[in-house]
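**Q** Have a look at this one before I ask anything.
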Amino acid sequence: MNILVIGLGSMGKRRVRNLQFLGVKNIRAYDPQPERAALAAEKYGIQTTSSFDEAWGWPVDAVVISTPPDKHMEYARKACAAGRHFFIEASVVDDGIGELIEQMKGKSLVAAPSCTMRFHPGIRQMKELVDAGEIGPILNFTYHLGQYLPDWHPWEDYRTFYVSKRETGAAREMVCFELVWLAWLLGQPNLISCMKGKLTTLDTDIDDAYQILIRTEKGALGHLMIDVISRVPYRTIRLVSENGLIEWSWTDQIVRLWKAGADGWQDMPEPPQSSEPGYVAAEDMYREEMAAYLAAIRGETPWPHSLEDDLRILDLLAAAERSSDEGRHVAV
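Read left to right, the sequence shown gives residues 371 to 702 (the working numbering).
Shown next as C-alpha cells:
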C-alpha cells in the first residue's frame, strides 16, 4: 500500500510515526514548507516534497490529510476525484463537506474523518460499562477539557498556526473533537445551549472558552466546559445515574465505578501507553486509529465515523455558537 501524508506539522509527523509503527513501508509526504519536508525526510527516512504536483504524481493508494482544518476539504475532494482513499484529521470548518458526501456517492472508497478518542482505552472502558448498563441509564454528566493554548506546541509561537485563527480556533476545534466521542458514548444531542467568549489576555482573536449544556436523544442532561486556559492539562468526566457513578480522568489514567450496594469504588487503571517527547497525548490511540484506517481500506472492518457523522458534529458546533450569539436554547 502506497500512502501519502499531506502536511508535516505536529499531526502529520505523528501519522508518519503511526504508519511506520504499523509496518507500512511505502510512505511519502508533502508539505508546502520546504524546511518541514526536509526535516521529516531526515528524521523518518521517507521521501518528501514541497511540490504538490510532484506528490500527486507519485503512486498513491491512500491519503492522510494532516493539514490545518480549513484545508481539509480541498485535499479530500482531490483524493475522491482521483479514486484514492482518504483520512481527514479532526474537523472544525464546514468547508463543503456536504458536497464531498455527494461526490462520494457510488464510489467504493474509504472516507475516514478522524474519531481519535474513540480509540482511547479509558473511553472504550466507559463505553463498555454504559452499554452493559452497569449503573443503568445515564441521567446527567459533566465534562471538562482544558489546556493552555501556548502549551499546545511549545516549540512554536501559538500565534503563528491555525489554533489562533477565529475560524479554526483551538477551543472551537476541541468542541468538535470532544463531541465526536461524547455523542458515541451517551447519544446524540438534540438540544444545546452555550455561552462562549474570549476570557484571557492571549494575543488571539478566538473564543478561548465554551460552556455548553446539552440534552441527548436518550434524555440525559450534560455540561461541557472546553477551554484553552488551564495551565494544567485537564480532561475529566463524571457520569451519574440513580444506581451509581462512572468517572474517568485523563491525567490519572483510570476509570472508576461506584455501584449502589457495592463495597466502595472499583478502579480500572488504563494499560501503560507509549509517549513521544513534546506531545501531551500518548501515541497508542493514534496508532489504533491508523490501524483501523488500514483495516477499512483492506475491507476487514468498516470505518466507524462517517462523513455524515462528521457533518452532524459540525452542525452541533454551529448550533452551540448560534445559541451563544442569540442567547437561547437551540434544537438540533
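For glycine and all other residues, C-beta sits at the position ideal for the given N, C-alpha and C.
On a predicted model such as this, the values are computed, not experimentally measured, just so you know.
1) Please identify the residue among 502, 582 and 384 whose C-alpha is closest to the C-alpha of residue 690.
2) Count the other CB atoms, across all protein chains shown, that sit within 10 Å of the CB of residue 625; report buried if there are 16 or more and exposed otherwise.
3) Which residues bound the beta strand (DSSP E) around residue 511?
4) Using 8 Å as the threshold, is the region 614-630 in touch with the region 542-550, meaning 3 or more CB pairs across them?
5) Leaving out five residues before and five after residue 389 in sequence, what residues of the same chain have Cβ atoms less than 7 Å from its Cβ?
6) Can you grab the Cα-Cα spacing for the pair residue 477 / residue 453, in whole Å?
7) Suppose contacts are defined by Cβ-Cβ distances below 8 Å. Is residue 482 in contact with residue 456 by that definition?
8) Select from 518, 395, 471 and 461 the residue whose C-alpha is nearest the C-alpha of residue 436.
9) Alpha carbons only, please: which of 423, 617, 438 and 464 is nearest the one belonging to residue 448?
10) Thinking C-alpha only, which one of 378, 384 and 376 is nearest residue 649?
11) Starting from residue 585 and walking both ways along the beta strand (DSSP E), at which residues does that stretch end?
12) As a quick exercise: from 443, 386 and 632, pick the residue whose alpha carbon is nearest that of residue 418.
13) Compare the C-alpha of residue 589 against each of 576, 614, 561 and 604 and name the closest.
14) Should residue 506 be flagged as near chain D, meaning a C-beta pair shorter than 8 Å?
15) For the region 628-647 and the region 550-564, state whether three or more C-beta atom pairs, one from each stretch, are separated by less than 8 Å.
16) Residue 557 and residue 587: beta carbons closer than 8 Å?
17) So the candidates are 665, 591 and 640; which of them puts its Cα closest to the Cα of residue 509?
18) Closest to residue 647 by CA distance: which of 614, 404, 580 and 522 is it?
19) Can you list, in chain order, the residues of its chain whose CB lies under 6 Å from that of residue 574, leaving out five sequence neighbours each side?
20) Mind checking whether residue 616 and residue 515 have CB atoms under 8 Å apart?
21) Is residue 384 a contact residue of the ligand GTP, with contact defined as CB to any heavy atom under 7 Å?
22) Considering only the alpha carbon of each residue, which of 484, 566 and 638 lies closest to residue 695?
23) In three-state terms, what does DSSP make of residue 676?
24) Less than 8 Å separating the beta-carbons of residue 572 and residue 497?
25) Would you identify the three-state DSSP class for residue 519, choosing helix, strand or coil?
**A** Result, derived from the coordinates:
1) Here the question's residue 690 lines up with position 320 in the sequence shown. When only C-alpha atoms are compared, the closest one is 582.
2) Here residue 625 refers to the residue found at position 255 of the sequence shown. Counting the other Cβ atoms within 10 Å of the Cβ of residue 625 gives 16 or more, which makes it buried.
3) In the sequence shown, the residue the question calls residue 511 occupies position 141. Per DSSP, residue 511 belongs to the beta strand (DSSP E) from 510-516.
4) With the rule of 3 Cβ pairs closer than 8 Å, the region 614-630 does not count as touching the region 542-550.
5) Here residue 389 refers to the residue found at position 19 of the sequence shown. Excluding residues within five positions, the ones whose Cβ falls inside 7 Å are 373, 397 and 660.
6) Numbered from 1 along the sequence shown, position 107 holds the residue referred to as residue 477. Numbered from 1 along the sequence shown, position 83 holds the residue referred to as residue 453. Looking at the backbone, the Cα of residue 477 and that of residue 453 are separated by about 8 Å.
7) To locate residue 482, count along the sequence shown from 1; it is residue 112. To locate residue 456, count along the sequence shown from 1; it is residue 86. A contact, by the Cβ cut-off of 8 Å.
8) Taking the first residue of the sequence shown as position 1, residue 436 is located at position 66. Considering only alpha carbons, the answer is 461.
9) Along the sequence shown, read from residue 1 onward, the residue named residue 448 stands at position 78. The shortest C-alpha separation from residue 448 is found at 423.
10) On the sequence shown, residue 649 is found 279 positions in, with the first residue counted as 1. That would be 384, whose Cα lies nearest to the Cα of residue 649.
11) Counted from its first residue, the sequence shown places residue 585 at position 215. Unbroken beta strand (DSSP E) run through residue 585: 579-586.
12) Here residue 418 refers to the residue found at position 48 when the sequence shown is read from its first residue. Nearest C-alpha to residue 418: 386.
13) Within the sequence shown, numbered from 1, the residue matching residue 589 stands at position 219. Residue nearest to residue 589 within the set 576, 614, 561 and 604 is 561 (criterion: CA-CA distance).
14) In the structure shown, chain D does not exist; there is a single protein chain.
15) Look at the beta carbons and you see the region 628-647 not touching the region 550-564: under three pairs across the two are nearer than 8 Å.
16) On the sequence shown, position 187 is the one that residue 557 refers to. On the sequence shown, position 217 is the one that residue 587 refers to. Yes, these two residues count as a Cβ contact at 8 Å.
17) If you number the sequence shown from 1, residue 509 lands on position 139. Minimum Cα distance to residue 509 is reached at 591.
18) Counting from 1 along the sequence shown, the entry for residue 647 is found at position 277. The residue with the shortest Cα to Cα distance from residue 647 is 522.
19) As a position in the sequence shown, residue 574 is number 204, starting the count at 1. Excluding sequence positions up to five before and after residue 574, its CB lies within less than 6 Å of the CB of 534, all in the same chain and listed in chain order.
20) In the sequence shown, counting from the first residue as 1, residue 616 sits at position 246. In the sequence shown, counting from the first residue as 1, residue 515 sits at position 145. With respect to the 8 Å criterion, residue 616 and residue 515 are not classified as neighbours on the basis of their beta carbons.
21) For the ligand GTP, the structure offers nothing, since it holds no ligand at all.
22) In the sequence shown, the residue the question calls residue 695 occupies position 325. Selection 484, 566 and 638 evaluated against residue 695 yields 566 as nearest (Cα-Cα).
23) By one-based count along the sequence shown, residue 676 stands at place 306. In this structure, residue 676 counts as coil in the three-state DSSP scheme.
24) To locate residue 572, count along the sequence shown from 1; it is residue 202. To locate residue 497, count along the sequence shown from 1; it is residue 127. No; because the gap between Cβ atoms is not below 8 Å, this pair is not in contact.
25) Here residue 519 refers to the residue found at position 149 of the sequence shown. Helix.
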